[in-house]
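These notes are about the structure you will find just below.
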Amino acid sequence: MLLDLQGIEKHFGGITALESGDLQVQAGEIHALVGENGAGKSTLMKVVAGMLRRDGGVMRWKGELADFTRPAEAHQASISMVHQESLLAPHLNVAENIFLGREAAKGPLLDHRRMEDKARRLIAEHGFPLDAAARVQELSPAQKQLVEICRALHSTSSLLIFDEPTSSLSDAEAGEVFRIAQNLRDRGMGIIYITHRLAELRPIADRITILRDGRTVHSGPITEVSTGQIVHHMVGREVSAIYEREKCAAGAERLRVELPGIRFALHAGEIVGIAGLMGAGRTELCQTIFGVTPTAHGSISVDGQLTAINSPQDAVRNGIALITEDRQQTGLTLSMPISANVTLANLDGVIRNGFVSRPQEHSVAEQFRDRLRIRAASVDQPVGRLSGGNQQKVVIAKWLYCDAKILLFDEPTRGIDVGAKAEVFALMDELARDGVAILMVSSELPELLQVADRILVMRDGAMVTELPRSTTQQEIMQHAAVSS
Amino acid sequence: MKFNSATWQRLLPFLSLAALFLFLSIASPNFLTPTNLTAIVRQTATINIMALGMTLVIVSGGIDLSVGAILGFAGTVGAMAMAQGLPIPVGIAVGLLCGLFWGFVNGICTTSLKIPPFIVTLGTLGIVRGITLIISGGLPVVGLPREFESLADGTLAGIPSVLCVLAVCAALTHLVLHSTKLGRYTYAIGSNKDAAVYAGIPVARYTVAVYAISGMLTGLAGMIEASRLMTGQPTAGQGYELQVIAAVVIGGGSLTGGEGSVIGTLIGAFIMGLLSNGSDLLGVNPYVQQALIGAIIILAVAVDEARKRRFRQ
């Protein structure tokens, strides 16, 4: 037994993040750790990695009682964590990042050559597509993830914790990460793998531990539980993981986009999916339509009218809304209350006699809270304290309040849990039925196939084909990945 | 409202101000006298009024280092207008417009040249002070109409007139920050500028407005300073920017934006005013005073950060 956690507790002020976390990890296994947002997965892992002190429970490392008070102590014990968000220094190069905090030195000076050599060897050993001298700033998200992995591997860990390593990666890139994880397992390392993507879990994991509300509710070999059972354990209730949308008749043309290499129309009541690998230009397309990066080459028509969209203001004025892939960065003002976030794009709606009417704003926000089932004690609560799914609903509420007719969803289910995903899809369906036109970018092909009426595939900044809803993942991938 | 430790911590700036007031009342017989209290109000009025504008700027995630220089410019040019024989209200209006103009320039430079406000206003600090010295030849502007004195030293129904001006400005700024589109957007821009852009808010326009208002309030402070000195001093306001920023920060403003309030700022400014007045009364060495105020700034922010950290968890 490599790691043995029994009844780990952690409290933040009055809030209990972990009530009773149990986890046993052996050398040479990939151990999946799943649970909804807020279930305590990250907290438990931070305790293991010495980033948080536990308030109760027992931790054994290689059979001996252990208590890491700092990340450095966990490092020394040969435990490393690959973080979900990149914790790299963007201005430093790959080698410098790998050695950050444990630089090789020649007396008082840094030994750059030795660090670069060691980094090169490490990269070559695992066959990563990385240049040790490249600046991290210039790397793709997937490559940054590899740098994180190198950094963890450098300290020759016995236990490597992956905190949702694939949440920002395309399927092909995620496959690469799995290959690496399997490789490391075969060398006898213990791997803990936190993920939201249930489908990707099965082929690579050996055992699974499921957390719910700060407690371990299930632990055992992955072959012994079905995906349905996993979901059931995670949410504590039945959820139809497979969401089926009935197709409804598309109405009048709402949006027509004609850009170099891209040409499509979006109709009222329709959900059009956009598939493609990372870097295929899907997010850029959304940003162009929304006026963040306007272009002079091409045209956008709204309701049949040629419309100049040179800024997000223009887009909003024309009823176009963008639900961005990074809601914390571009979708929400986290320190402000739910109510202020809901009215942000249409503050005029709650202005009475020139002043913001708090009662009015409050009631608007409460209406949306009830309609979208945003779980919050009060609409005065800061958005930053909500779970990912509820934050996403606040973003959607913001656009519904300004009566947007064309909604662009960029990775709408990123970082939100199974239960909330189903709710977001149901909401998209409801909106489409109300005559809203929806464009949905997603790297989750199963989700696209469930929700979209038709799927446009992009590659290298251009649209390569349009596929019907009845298509398959293989077919989409073929068009997305293979150049014809 | 529940009186838990978080509430107490939020009230801490106010309680510190009250405690300081109480302490000085007991420690010095000369503190709680009408003359002294009036003196405090008059001494702190300029910093207070500038700090109101700086609150807006800091809440929006910006900073304005040029306010001291703008104060000097506005006071000097306003005084020149009056020395030329223009009526007092026109002179005051000239001062306000001068402040408005430089605030506008600051706002335009940060938004259209995409230069961080710290650098823009570091530049305008030099430019504005330089121009002030050039147009005045480095000499104070004298010959102001006698009645102009009443702006700083007069009373309205027994209340110092500067206190009335401050109260009106504070009430208006609070209203703007709390209940108008401008105020809401100021918080939104300071809290997350990208999210504000993506919400379709004309961020540049509102940012310029924030700097312009701050400039105008500084212009007003410049005229009060000119009235207090009864001259237009081209060197007036040197170093005020740091006191003004300190007042906002002691009052809970965050230099990363999105946080700050008028009430907090007023408390911050009065804490600094009382410290300096109290030290004078108690015969504390002025050198020690400076160090003391510096320490208070760090202490206040440390306590505030600790509160916010607990709140976030």
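Order-wise, the sequence lines are chains A and B.
The first sequence runs 1 to 484 under my numbering.
The second sequence runs 485 to 797 under my numbering.
By construction, the Cβ of each residue, glycine as well, lies at the ideal position given by its N, Cα and C atoms.
Subject >> Within-8 Å CB hit, residue 355/A to chain B >> reply: yes
Original post:
Roughly how many angstroms separate the alpha carbons of residue 536/B and residue 747/B, rounded to a whole number?
Top reply: 9 Å
Subject >> Interface flag, residue 440/A vs chain B, CB-CB below 8 Å >> reply: no
**OP:** Ignore the nearest five residues each way along the sequence and tell me which others in residue 241/A's own chain have a CB closer than 6 Å to its CB.
**Re:** Caution is warranted here: a pLDDT of 48 is assigned to residue 241/A, below 50, making its placement in the model unreliable, and the coordinate value is therefore given only provisionally. Cβ within range, chain order: 231.
Subject >> Separation of residue 99/A from residue 105/A, as counted between CA atoms >> reply: 11 Å
**OP:** Flag residue 398/A as yes if its beta-carbon sits less than 8 Å from any beta-carbon of chain B, otherwise no.
**Re:** yes
Original post:
By DSSP, does residue 264/A sit in helix, in strand, or in coil?
Top reply: strand
Original post:
What runs of the beta strand (DSSP E), each 3 residues or longer, lie entirely inside the stretch 555 to 633 of chain B?
Top reply: none
**OP:** Work out the CA separation of residue 40/A and residue 368/A for me, nearest whole Å.
**Re:** 28 Å
Subject >> Residue-level contact to chain B via CB, residue 312/A, 8 Å cutoff >> reply: yes
Subject >> CB contact check: residue 209/A to chain B, cutoff 8 Å >> reply: no
**OP:** Could you check if residue 391/A is buried or exposed, using at least 16 other CB atoms within 10 Å of its CB as the buried criterion?
**Re:** buried
Subject >> Proximity to residue 55/A [Cα-Cα], best of 61/A, 62/A, 300/A and 68/A >> reply: 68/A
Original post:
Would you call the stretch 2 to 10 of chain A and the stretch 172 to 181 of chain A touching, i.e. three or more CB-CB distances under 8 Å?
Top reply: no
Subject >> Distance, residue 556/B Cα to residue 522/B Cα >> reply: 24 Å
**OP:** With a threshold of 7 Å, establish whether the CB of residue 141/A neighbours any heavy atom of the ligand FMN.
**Re:** Absence of the ligand FMN from the depicted structure is noted, as is the absence of any ligand whatsoever, leaving it without description.
**OP:** Verify whether the separation of the beta carbon atoms of residue 486/A and residue 57/A is less than 8 Å.
**Re:** There is no way to answer for residue 486/A, as the model of chain A reaches only from 1 to 484.
Subject >> Where residue 189/A meets chain B, residues with beta-carbon distance less than 8 Å >> reply: Under the 8 Å cutoff, chain B gives no residues; its nearest Cβ is about 33 Å from residue 189/A.
**OP:** Give every residue of the same chain whose Cβ lies closer than 8 Å to the Cβ of residue 92/A, excluding the five residues on either side of it in the sequence, and list them in chain order.
**Re:** 100, 135 and 136
Original post:
Nearest-angstrom Cα distance between residue 457/A and residue 464/A?
Top reply: 6 Å
Original post:
Which first and last residues belong to the beta strand (DSSP E) in which residue 466/A is found?
Top reply: 462 to 468
Original post:
residue 15/A to residue 530/B, Cα distance in whole Å?
Top reply: 45 Å
Original post:
Would you call residue 630/B buried or exposed, if buried means 16 or more other Cβ atoms sit within 10 Å of its Cβ?
Top reply: exposed
Original post:
Under three-state DSSP, which class holds residue 91/A?
Top reply: coil
**OP:** Answer with buried or exposed for residue 246/A, where buried requires no fewer than 16 other C-beta atoms within 10 angstroms of its C-beta.
**Re:** exposed
Subject >> Span of the alpha helix (DSSP H) around residue 316/A >> reply: 312 to 317
Original post:
Between the C-alpha atoms of residue 781/B and residue 789/B, what's the straight-line distance to the nearest angstrom?
Top reply: 12 Å
**OP:** Please confirm whether residue 457/B and residue 700/B have their CB atoms less than 8 Å apart.
**Re:** Nothing can be reported for residue 457/B, as the shown portion of chain B is limited to 485 through 797.
**OP:** Tell me residue 785/B's beta-bridge partners as DSSP assigns them.
**Re:** DSSP lists no partner for residue 785/B.
Original post:
Of the choices 399/A, 147/A, 301/A and 356/A, whose alpha-carbon is the least far from that of residue 90/A?
Top reply: 147/A
**OP:** State the start and end residues of the unbroken alpha helix (DSSP H) segment that holds residue 430/A.
**Re:** 418 to 433
**OP:** Using beta-carbon positions only, say whether residue 33/A and residue 192/A come within less than 8 Å of one another.
**Re:** yes
**OP:** Give the DSSP bridge partners of residue 253/A, in chain order.
**Re:** 267/A
**OP:** Scan the stretch 323 to 338 of chain A for residues whose Cβ lies nearer than 8 Å to a Cβ of chain B and list them as they occur along the chain.
**Re:** 324, 329, 330, 331, 332, 333, 334, 335 and 336
**OP:** Can you give me the Cβ contacts of residue 375/A inside the same chain, cut-off strictly under 6 Å, excluding the 5 residues immediately before and after it?
**Re:** 390
Original post:
Can we say the stretch 294 to 312 of chain A touches the stretch 675 to 692 of chain B, given the rule of at least three CB pairs closer than 8 Å?
Top reply: yes
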